């Protein structure tokens, strides 16, 4: 018997190609809104800071869904990938950098030492820019690397990001600002801590440390009721305790990459000391 010819795969309707771009457009809109709110805030009215932070956080599911919808509907394209990268630079690079600077440094009250006050604001501006440029470099590396390998590999079959993703880094900025309800920093020592956090988050983005990608999670489940219950519970918790829940989730994800790196380094040192082979991916 001859081989049965395989019918060509049916191309999706042209209208479906617009669907992922709608989510990407929503991502850009939220980023622009966050920038506008950051510029409107003042010491007398700091509510725009909180709205800017929430806009960045609300953009995270838009960024997660556009790619998944494109894969589900078989509408992936070079245009969509480029548009998604540009959207990420705006919403998760420019917007949090402006928010981090205006919230953490520009609103600092005058100090007795005017020169020190000016220097602190200048350093804050540099830190915000470094956060932005690290995020842009992280995106560029992600776009051009075919099969990136983290310096501390994880379990076989599990997918990891090399370096902290820029949406997660932006989530750290947004969650911290929201935890303070948008009230700007008024203490120079806290401003220094904020500066260090910005620099360290930028470093994590351009590092080769592994971070969980979450790509094993699928939108299709045999028990949709379970997903519905989880989503409802998460929505209730976010509505009641968003200030604490969001910052806990953001910092936990950041610490997870640090913990994986430290664990791998400790196992590597132990293997070298005992003359054993380097730890394989199943051990980390």
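In the working numbering, the protein residues as written are 202 to 485. Note that beta-carbon positions come from the ideal geometry of N, C-alpha and C, so glycine has one too. Every value quoted in this text rests on a predicted model; they were computed, and no experiment measured them.
Counted as a single uninterrupted DSSP element, the alpha helix (DSSP H) harbouring residue 327 occupies residues 315-345. Our two residues, residue 438 and residue 431, have alpha carbons roughly 11 Å apart in a direct line. The criterion of a C-beta distance shorter than 8 Å is not satisfied by residue 402 and residue 306. Annotated as distal: residue 336 and residue 291, with beta-carbon spacing of 8 Å or more. The C-alpha of residue 222 is placed about 31 Å away from the C-alpha of residue 304.
Assignment of residue 390 by DSSP, reduced to helix, strand and coil, places it in the helix class. With contacts defined as CB atoms closer than 8 Å, residue 271 and residue 376 fail to qualify as a contacting pair. The way I'd put it, the stretch 402-414 doesn't touch the stretch 378-388; fewer than three beta-carbon pairs between them come closer than 8 Å. If you draw a straight line from the Cα of residue 287 to the Cα of residue 254, it is about 20 Å long. Under DSSP, residue 412 takes part in a beta bridge, and its partners are 362. Counting C-beta pairs closer than 8 Å gives fewer than three between the stretch 254-270 and the stretch 313-322, which falls short of the contact rule. By the criterion of a C-beta distance shorter than 8 Å, residue 344 is surrounded in its chain by 282 and 286, once the five residues flanking it on both sides are discounted.
Out of 434, 309, 230 and 382, the CA that lies nearest to the CA of residue 295 is found in 230. Under the three-state reduction of DSSP output, residue 242 falls in the coil class, being neither helix nor strand. Here residue 434 is exposed. Its C-beta has fewer than 16 other C-beta atoms within 10 Å. Assigned with DSSP and collapsed to three states, residue 247 falls in coil, not helix or strand.
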